[in-house]
Ligand SMILES: Nc1ncnc2c1ncn2[C@@H]1O[C@H](COP(=O)(O)OP(=O)(O)O)[C@@H](O)[C@H]1O
Ligand SMILES: [Mg+2]
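Chains as they are written, first to last, in the working numbering: chain A, 3 to 248; chain B, 45 to 300.
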């Protein structure tokens, strides 16, 4: 199976004045094509830091990192990546359609294709009614949908979602999970972070557990639990893992 | 190029949907009308005041737009966290800096052209005529000046806070426009190492005074020779290039 993400001994340290925060320590990961990988960990575990490294927004302090076999610092690598940030307050003076057109323009998507794509994504995220309204008035959940739509504008092969379901109502959450399943069906690779177990368990092929910058466990839920899988035992497993290391 | 265009058009939407420009535009018309009304009293040379104050107002208002609009671009992206989805696109940090410069320049130049056209109309109602060629030159110099301002502000915004950036830009603009002559004399009069140091600083500063055609337009002098226009254009291109190059280099290293 083809490897889309390869991470070897990746470390990152924030220098916050005199303090040094080891946000990530010796991370090793391989993610194959077509896989849905759930990256789980408590707040401050280093999930967002990992994602910023994958996107080339931060440069590794130590270790190796390739996406599609190339370093993420190469601009062209990002042509086939879709990224949904943890939170973003999209331009309040634009409408979702204008936002998607701007991002589509950055990707160099042709005008005709872009028009279809925008329409498709607004329908998919349930924003069709609000496509031409200024985002000034949007609620957090609506912004989250815009954020999801923009991540798909370039029909990417690799999707990186940072806590995609935060701030969504249960109906929208379910819808989001369905779309992720649908993307898997299209052969896309999905890397998403979450601090909610139930979420990760429902849609992931494999799970990675991160705590304080260290990867504690990685595998399918069956592998991690040795057979019997129910959400209660998975939760206990994770709590034990995290508490054991504290 | 598509990327630059996409970012610039979003910035133009921002300009249209935020109200700052309309306020300045109405203010300018009121100001010019008041100045022009003085003409009815037929005091000799009064149309010079229209040209003099009008020119200053047009330049200053355009400068305000260039600075306030361009300076908030990068801090706003960081504050709203839209910088991350933007940088996750196939867009280098150099291209982003260049796009923000283009957007700032285009937006302020459009406002300037609007302001200057209104100013031109008011001036032609005056008594003395000004050579239209000189007006066109004033327009060209204004455009060049705003490009320089946008490049400077984008450069400063890579390492300064919004308020520091605005303050420094205003101070530099005032200082160089108002005291370029005395500054040069001071540089020429001082001796030794201090002189060379002051000289270097003086010549490195962005020379907004190069673009100032206020006196020439006020007194309806002859248009500028072509070689001067070319020199000032070359100066602007070079200076903007250097500023954007350093802005890109700083921004590339910036931890976001
Ligand atoms: N810009 C920053 N400066 C200093 N420390 C940071 C910065 N960003 C994150 N951190 C720290 O790095 C650690 C990991 O953060 P993050 O990757 O955001 O965690 P998560 O996304 O898993 O909640 C935390 O301890 C956080 O406080
Ligand atoms: Mg996070």
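C-beta atoms are modelled at their ideal positions from N, C-alpha and C, and glycine is treated no differently. Quantities reported herein were computed from a predicted structural model and do not represent experimental measurements.
Between the alpha carbons of residue i and residue j, how many angstroms are there, rounded?
{"i": "residue 175 (chain A)", "j": "residue 219 (chain B)", "result": "57 Å"}
{"i": "residue 243 (chain B)", "j": "residue 285 (chain B)", "result": "22 Å"}
{"i": "residue 237 (chain A)", "j": "residue 117 (chain A)", "result": "44 Å"}
{"i": "residue 217 (chain B)", "j": "residue 57 (chain A)", "result": "39 Å"}
{"i": "residue 22 (chain B)", "j": "residue 237 (chain B)", "result": "With chain B covering 45 to 300 only, the question about residue 22 (chain B) has no answer from this structure."}
{"i": "residue 124 (chain A)", "j": "residue 131 (chain A)", "result": "8 Å"}
{"i": "residue 283 (chain B)", "j": "residue 184 (chain B)", "result": "17 Å"}
{"i": "residue 173 (chain A)", "j": "residue 167 (chain A)", "result": "11 Å"}
{"i": "residue 105 (chain A)", "j": "residue 70 (chain A)", "result": "22 Å"}
{"i": "residue 107 (chain B)", "j": "residue 59 (chain A)", "result": "33 Å"}
{"i": "residue 52 (chain B)", "j": "residue 160 (chain A)", "result": "28 Å"}
{"i": "residue 268 (chain B)", "j": "residue 95 (chain B)", "result": "18 Å"}
{"i": "residue 218 (chain A)", "j": "residue 203 (chain B)", "result": "38 Å"}
{"i": "residue 139 (chain A)", "j": "residue 122 (chain B)", "result": "21 Å"}
{"i": "residue 98 (chain B)", "j": "residue 182 (chain B)", "result": "13 Å"}
{"i": "residue 199 (chain A)", "j": "residue 63 (chain B)", "result": "46 Å"}
{"i": "residue 113 (chain B)", "j": "residue 148 (chain B)", "result": "7 Å"}
{"i": "residue 216 (chain A)", "j": "residue 206 (chain A)", "result": "20 Å"}
Would you say the beta carbon of residue i comes nearer than 8 Å to a heavy atom of ligand 2?
{"i": "residue 50 (chain A)", "result": "yes"}
{"i": "residue 24 (chain A)", "result": "no"}
{"i": "residue 91 (chain A)", "result": "no"}
{"i": "residue 61 (chain A)", "result": "no"}
{"i": "residue 165 (chain A)", "result": "yes"}
{"i": "residue 195 (chain A)", "result": "yes"}
{"i": "residue 30 (chain A)", "result": "no"}
{"i": "residue 45 (chain A)", "result": "yes"}
For residue i, is the beta carbon positioned less than 8 Å from some heavy atom of ligand 1?
{"i": "residue 215 (chain A)", "result": "yes"}
{"i": "residue 64 (chain A)", "result": "no"}
{"i": "residue 119 (chain B)", "result": "no"}
{"i": "residue 88 (chain A)", "result": "yes"}
{"i": "residue 129 (chain B)", "result": "no"}
{"i": "residue 299 (chain B)", "result": "yes"}
{"i": "residue 85 (chain A)", "result": "no"}
Just reading off the beta strand (DSSP E) that residue i is part of, what are its end residues?
{"i": "residue 22 (chain A)", "result": "21–34"}
{"i": "residue 205 (chain A)", "result": "Run containing residue 205 (chain A): none in the beta strand (DSSP E); it sits in the alpha helix (DSSP H), 199–205."}
{"i": "residue 213 (chain A)", "result": "208–213"}
{"i": "residue 145 (chain A)", "result": "Counting along the chain, residue 145 (chain A) falls outside any beta strand (DSSP E), though it belongs to the alpha helix (DSSP H) covering 142–153."}
{"i": "residue 216 (chain A)", "result": "216–221"}
{"i": "residue 85 (chain A)", "result": "83–86"}
{"i": "residue 196 (chain A)", "result": "191–196"}
Relative to the alpha-carbon of residue i, which residue among the options has its alpha-carbon at the smallest distance?
{"i": "residue 115 (chain B)", "options": "B:141, B:102, B:91", "result": "B:141"}
{"i": "residue 215 (chain B)", "options": "B:122, B:147, B:252", "result": "B:252"}
{"i": "residue 117 (chain B)", "options": "B:210, B:175, B:98", "result": "B:210"}
{"i": "residue 275 (chain B)", "options": "B:255, B:263, B:261, B:287", "result": "B:255"}
{"i": "residue 277 (chain B)", "options": "B:77, B:147, B:186", "result": "B:186"}
{"i": "residue 204 (chain A)", "options": "A:181, A:189, A:217", "result": "A:181"}
{"i": "residue 71 (chain B)", "options": "B:102, B:235, B:262", "result": "B:102"}
{"i": "residue 148 (chain A)", "options": "A:67, A:162, A:120", "result": "A:120"}
{"i": "residue 223 (chain A)", "options": "A:137, A:208, A:213", "result": "A:208"}
{"i": "residue 146 (chain B)", "options": "B:126, B:100, B:197, B:165", "result": "B:197"}
{"i": "residue 54 (chain A)", "options": "B:73, B:130, B:76", "result": "B:130"}
{"i": "residue 243 (chain A)", "options": "A:33, A:44, A:67", "result": "A:44"}
{"i": "residue 124 (chain B)", "options": "A:90, A:170, A:21, A:96", "result": "A:90"}
{"i": "residue 257 (chain B)", "options": "B:78, B:180, B:58, B:298", "result": "B:180"}
{"i": "residue 103 (chain A)", "options": "B:193, B:77, B:105, B:49", "result": "B:49"}
I want to check one thing, is the minimum distance from the CB of residue i to the heavy atoms of ligand 4 below 8 Å?
{"i": "residue 37 (chain A)", "result": "Annotation note on ligand 4: not contained in the displayed structure, which lists ligand 1 and ligand 2 as its ligands."}
Could you tell me whether any Cβ in chain C is nearer than 9 Å to the Cβ of residue i?
{"i": "residue 128 (chain A)", "result": "Here chain C cannot be found, since the structure's protein chains are A and B."}
Quick check on the DSSP output: the alpha helix (DSSP H) that includes residue i runs from which residue to which?
{"i": "residue 114 (chain A)", "result": "113–127"}
{"i": "residue 63 (chain A)", "result": "Residue 63 (chain A) -> no alpha helix (DSSP H), and no H or E assigned at all."}
{"i": "residue 58 (chain A)", "result": "No alpha helix (DSSP H) holds residue 58 (chain A); DSSP gives it neither H nor E."}
{"i": "residue 53 (chain B)", "result": "46–61"}
Name the residues in the stretch 118–131 of chain B whose C-beta lies less than 7 Å from a C-beta of chain A; which are they?
124, 125, 126, 128, 129, 131
TODO: Note down, in chain order, all residues in the stretch 217–244 of chain B with a beta-carbon under 8 Å from any beta-carbon belonging to chain A.
DONE: Correct list: empty, as no residue qualifies.
Checklist line | Contacting positions in the stretch 92–115 of chain A - beta carbon closer than 7 Å to chain B | finding: 92, 93, 95, 96, 100, 104, 105, 107, 108, 109, 110
| task | Give, in chain order, every residue of the stretch 50–78 of chain B whose Cβ lies closer than 8 Å to some Cβ of chain A. | result | Closer than 8 Å at the C-beta level to chain A, one finds these residues of the stretch 50–78 of chain B: 50, 51, 53, 54, 57, 58, 61, 62.
Please identify, using Cβ separations under 7 Å, the residues of the stretch 148–159 of chain A that lie next to chain B, in order along the chain. 152
Worksheet entry | Interface positions of the stretch 151–175 of chain B facing chain A (Cβ-Cβ less than 9 Å), listed along the chain | none
Give the residues from the stretch 40–54 of chain A that approach chain B closer than 7 Å (Cβ to any Cβ), ordered along the chain. none
Which residues, in order along the stretch 194–207 of chain B, keep a beta-carbon less than 8 Å from a beta-carbon of chain A? none
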